[in-house]
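Asks: Read in order, the letters of the sequence shown correspond to residues -3 to 100 in my numbering. From the three backbone atoms N, C-alpha and C, an ideal C-beta is built for every residue, glycine too.
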Amino acid sequence: MSKIKKGDEIIVITGKDKGKKGAVLRVIKSDQLIVQGVNTVKKHQKPNPATGVTGGIIDQEMPVHISNVAIYNFKINKSDKIKISINSEKRKTRIFKSTGELIG
């Protein structure tokens, strides 16, 4: 079970985008994440009239390594760690370490 999943709200803890928050859009190979508004680059896109793609310069999110982000806990307004525990029905659940609450 991966600790960070699609849709989780994260905060960048190191790198050029340190301190930025965003939602995880995609998980790539279980160690790379695409996060909304983080690690954006300018891409020059060629127009393709057959598919209706217009050309120009677009902003695109690039992958960030999972070790450079932490899950964001809105209760304490800080980054937090994740603990995986087994509930009564023998299923794994993700819990915030500091507050003990289930992760949405």
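With which residues is I67 paired in a DSSP beta bridge?
Replies: Note: I67 sits in a beta bridge opposite I6, D76.
Asks: From the DSSP output, in three-state form, read off I62 for me.
Replies: Of the three classes helix, strand and coil, the one that applies to I62 here is helix, per DSSP.
Asks: Can you find the residues in the same chain that come closer than 7 Å, C-beta to C-beta, to Q56, ignoring five residues on each side of it along the sequence?
Replies: For Q56, where only same-chain residues beyond five positions count, the Cβ hits under 7 Å are T36, V37, K39.
Asks: Following the continuous beta strand (DSSP E) through Q56, name the residue where it begins and the one where it ends.
Replies: Start and end: 52 to 57.
Asks: When you compare each of Q32, I91, V23, K12 to K2 by their alpha carbons, which one comes out closest?
Replies: Selected option, being the one with the closest Cα: V23.
Asks: CA-CA distance, V31 and A66?
Replies: Taking the straight line joining both Cα atoms gives about 12 Å.
Asks: Relative to the C-alpha of I107, which candidate in G33, N69, F70 has its C-alpha closest?
Replies: Because the chain spans -3 through 100 in this model, residue 107 falls outside it and cannot be assessed.
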